[in-house]
Amino acid sequence: MSNVHNSLPCQIREFNIRRDRCSSIVEKFSSMQFETVTTCNICETDNIMIVASSDRYGIPIRSGMCLNCGLIFLVERYTEDGYSQFYKDYYGPIVSAYLGREINAVSMQNEQSVYGKKLIRAFRGLLGLNETHSLLDVGGSTGLVANEYVKEYGLSATILDPSPDEIEIAKNKGLNTICDLFERWEIDSVQYDLCTPSELAGQFHQIAKV
496 MSNVHNSLPC QIREFNIRRD RCSSIVEKFS SMQFETVTTC NICETDNIMI
546 VASSDRYGIP IRSGMCLNCG LIFLVERYTE DGYSQFYKDY YGPIVSAYLG
596 REINAVSMQN EQSVYGKKLI RAFRGLLGLN ETHSLLDVGG STGLVANEYV
646 KEYGLSATIL DPSPDEIEIA KNKGLNTICD LFERWEIDSV QYDLCTPSEL
696 AGQFHQIAKV
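Numbering-wise (our numbering), the sequence shown opens with residue 496 and increments by one.
Spelled out as C-alpha cells, the structure:
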C-alpha cells in the first residue's frame, strides 16, 4: 500500500506536465462551439452527476454519469462538424503533446498492426470468415487493423474514419474508404458481414443511435 501512496505524487506531477504541454493547443480550438447534453442518451433520464470538469488534455468540457443506467458521457460536446474539424486539425497535435512523442497517421501504424494481430489471435477459429465476406471497420484509421483481417481471411474491407490523413493511407493500401463520422454517414444498401468499432465507443456522438 505504501508503494501505491508513494507513486501518487509522481503520477499527479506527470499528469500536470502533460496537461501543460497541451495548453497552447487547447487554446487554439477553445472557441469551437459546444452543445450541452442534459439527458442520458441511453435511458433518457436527466438524473446526472457531474464527475469531471475537464478531460485529460485540459479541455474544459464536463463529464457526467447517469445515475439510472451508469453511462458516463460528455455533458459538453462538439457538434458533428466540430468533431470533423477536431480530427482534421487538432487530434494528432494534442495527442502528441500529451504523450510527449510524435503521433500521426504514419507513426501510429506499428501499434495498430500489433493490435490487429492480437485481435486475429483472440478470435481465430471463431468467426468463420472467408473471401466471400466483407468487413466495415468503424474508426479504422490507417487500415492496419482491417488489413490483418484481410490477410487472415481474404475478405474485402472498408474503412470508415473522420481523419483525411489516415483515410488516405488506408486508401493507398488498396482498402475501400469512407471519410466521415459514423453517425453522419448515409448508410447505403451495402451490407457487411462483420463490423469492428475497435476502441471507438467513447467517440460516438449518440450511442443510442449507433
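Beta carbons are placed, not taken as given, at the ideal position from N, Cα and C, and that holds for glycine.
Beta-bridge pairing of residue i - partner residues as DSSP gives them
i      : result
Thr531 : Glu571
Ile545 : Gly559
Leu689 : Leu630
Residue span of the alpha helix (DSSP H) that contains residue i, given as start and end
i      : result
Val640 : 639-648
Asn667 : 659-667
Leu655 : Per DSSP, Leu655 belongs to no alpha helix (DSSP H); it is in the beta strand (DSSP E), 651-656.
Ser591 : 586-594
Distance, residue j Cα to residue i Cα
i      : j      : result
Gln528 : Gln580 : 11 Å
Val499 : Ser549 : Note that Val499 has pLDDT 47, beneath the 50 cutoff, so the model's placement of it is unreliable and no number is given.
Arg516 : Tyr593 : 6 Å
Collapsed DSSP secondary structure at residue i in the structure displayed
i      : result
Leu621 : coil
Leu630 : strand
Ile673 : strand
Leu566 : coil
Phe524 : coil
Gly635 : coil
Met496 : Low confidence applies to Met496: its pLDDT is 47, below 50, so where it sits in the model is not reliable, and the reading given next is rough at best. Coil at Met496, not helix or strand.
Gly553 : coil
Ser602 : coil
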